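Visitor: Can you keep this structure in mind? I'll have questions shortly.
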Amino acid sequence: MKCTIKAFGITKDILGGREVNFEMDGNKVGDLRNALHGRFPEIKSLNSLFIAVNNNYADDSHLLNETDEIALIPPVSGG
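Here you go:
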(Lines of atoms letter the chains of each structure in order from A and count residues from 1; the text may use other names and numbers.)
(Lines give C-alpha, C1' and ligand atoms only; values in the text may rest on other atoms or scores of the structure.)
Protein backbone atom coordinates (compact mmCIF):
# COMPACT_ATOMS: atom_id res chain seq x y z
CA MET A 1 0.00 0.00 0.00
CA LYS A 2 1.20 3.51 -0.80
CA CYS A 3 0.51 6.37 1.58
CA THR A 4 1.66 9.86 2.41
CA ILE A 5 2.70 10.56 5.98
CA LYS A 6 2.83 13.98 7.60
CA ALA A 7 5.49 14.21 10.29
CA PHE A 8 5.69 16.69 13.16
CA GLY A 9 8.31 17.51 15.78
CA ILE A 10 11.07 14.95 16.16
CA THR A 11 9.41 12.58 13.68
CA LYS A 12 10.03 15.17 10.96
CA ASP A 13 13.75 14.96 11.70
CA ILE A 14 13.73 11.15 11.80
CA LEU A 15 11.85 10.78 8.50
CA GLY A 16 13.85 13.52 6.83
CA GLY A 17 10.98 15.81 5.97
CA ARG A 18 7.56 17.11 6.85
CA GLU A 19 5.78 14.90 4.32
CA VAL A 20 7.00 11.48 3.20
CA ASN A 21 5.65 9.11 0.57
CA PHE A 22 5.79 5.62 2.01
CA GLU A 23 5.08 2.14 0.71
CA MET A 24 4.33 -0.82 2.97
CA ASP A 25 2.82 -4.28 3.12
CA GLY A 26 -0.56 -4.47 4.82
CA ASN A 27 -3.31 -1.92 5.33
CA LYS A 28 -3.61 -1.34 9.08
CA VAL A 29 -2.08 1.26 11.36
CA GLY A 30 -0.15 -1.54 13.10
CA ASP A 31 1.35 -2.56 9.75
CA LEU A 32 2.39 1.05 9.19
CA ARG A 33 3.93 1.26 12.67
CA ASN A 34 5.95 -1.94 12.04
CA ALA A 35 7.09 -0.72 8.62
CA LEU A 36 8.18 2.60 10.12
CA HIS A 37 10.15 0.76 12.83
CA GLY A 38 11.90 -1.25 10.12
CA ARG A 39 12.79 1.71 7.92
CA PHE A 40 13.38 4.28 10.67
CA PRO A 41 14.62 2.40 13.80
CA GLU A 42 14.96 5.68 15.75
CA ILE A 43 11.16 5.87 15.94
CA LYS A 44 11.19 2.91 18.35
CA SER A 45 12.91 5.13 20.93
CA LEU A 46 9.91 7.46 21.21
CA ASN A 47 8.02 6.62 24.41
CA SER A 48 4.67 7.42 22.88
CA LEU A 49 3.95 7.94 19.23
CA PHE A 50 0.38 8.48 18.16
CA ILE A 51 -0.77 7.95 14.62
CA ALA A 52 -3.70 10.06 13.46
CA VAL A 53 -5.83 9.14 10.46
CA ASN A 54 -8.05 11.84 9.00
CA ASN A 55 -7.56 14.03 12.10
CA ASN A 56 -8.46 11.29 14.60
CA TYR A 57 -6.14 9.15 16.71
CA ALA A 58 -6.16 5.58 15.40
CA ASP A 59 -5.27 2.32 17.10
CA ASP A 60 -3.21 -0.41 15.46
CA SER A 61 -6.28 -2.27 14.15
CA HIS A 62 -7.58 0.73 12.17
CA LEU A 63 -7.80 0.02 8.42
CA LEU A 64 -6.02 2.47 6.12
CA ASN A 65 -6.87 3.65 2.62
CA GLU A 66 -4.42 5.24 0.20
CA THR A 67 -6.44 8.48 0.32
CA ASP A 68 -6.27 8.81 4.13
CA GLU A 69 -4.43 11.71 5.71
CA ILE A 70 -1.90 10.09 8.05
CA ALA A 71 0.04 12.06 10.65
CA LEU A 72 2.70 11.04 13.16
CA ILE A 73 2.17 12.78 16.50
CA PRO A 74 5.29 12.56 18.69
CA PRO A 75 5.39 12.96 22.47
CA VAL A 76 4.69 16.52 23.57
CA SER A 77 6.38 18.17 26.53
CA GLY A 78 6.18 21.52 28.15
CA GLY A 79 4.40 23.24 30.92
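In this text, residue positions in the sequence shown follow the numbering used here: the first is 6, and each later residue adds one.
In this text, a Cβ means the ideal position worked out from N, Cα and C, and glycines have one as well.
From a predicted model like this one, the values you see are computed outputs, not experimental measurements.
Would you say glutamate 24 touches the ligand MG, meaning its beta carbon is less than 7 Å from a heavy atom?
Guide: By its list of ligands, the structure shown contains no ligand whatsoever, and the ligand MG lies outside what it can speak to.
Visitor: What are the boundary residues of the alpha helix (DSSP H) that includes threonine 16?
Guide: Taking the sequence shown and counting its residues from 1, one reaches residue 16 at position 11. Counting along the chain, the alpha helix (DSSP H) containing threonine 16 begins and ends at 15 to 20.
Visitor: If I follow the unbroken beta strand (DSSP E) through leucine 12, where does it start and stop?
Guide: For the purposes of this step, residue 12 is taken as the residue at position 7 of the sequence shown. The sequence given here has alanine at residue 12, not leucine. Element bounds for alanine 12: 7 to 12.
Visitor: Between which two residues does the alpha helix (DSSP H) harbouring alanine 63 extend?
Guide: Position 58 of the sequence shown, counted from the first residue, corresponds to residue 63. Element bounds for alanine 63: n/a, residue is neither H nor E.
Visitor: When you compare only the Cα positions, how much space is there between lysine 49 and histidine 42?
Guide: Sequence index remark: in the sequence shown, residue 49 carries index 44 (1-based). Sequence index remark: in the sequence shown, residue 42 carries index 37 (1-based). So the alpha carbons of these two residues sit roughly 6 Å apart.
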